[in-house]
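Take a look at the structure below.
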Amino acid sequence: STNYGTYLDEVDSALDTVTTALARIGSMVNRMTIKEGNIAVSQVNTEAAFDRLMNADMAMEQLNLTKMQILQQTSTSMLAQANYNSQAVLALFQ
């Protein structure tokens, strides 16, 4: 009878220990799940920011290319006009 009571107390104590450990594990799992969600949101936000930066750079490069092409075409046109004017002046002397 005394041994039975002692064993019962030990089993109750062991169950309390297991219950406490399970509660701590559950709490840690819950915190990790929340952190996992936060990390996933952070990853999506970081990828979106990276995409915006890359697209902004591509847009700027396209703008610069267009600008340079316009400048090149303008220079070519001005050079052709200057050559034409020179030829027109020479034609007057002939």
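The sequence shown begins at 1 in UniProt numbering and counts up by one. Beta carbons: idealized from backbone N, C-alpha and C, even for Gly.
What separation, rounded to the nearest whole angstrom, lies between the Cα atoms of Thr-74 and Tyr-84? 15 Å
Distance check for Met-68 and Ala-56, CA to CA, integer angstroms please. 18 Å
From the DSSP output, in three-state form, read off Gln-81 for me. helix
In angstroms with no decimal places, state the Cα-to-Cα distance between Asp-51 and Ile-25. 38 Å
Helix, strand or coil at Gln-43 according to DSSP, with G and I counted as helix: helix
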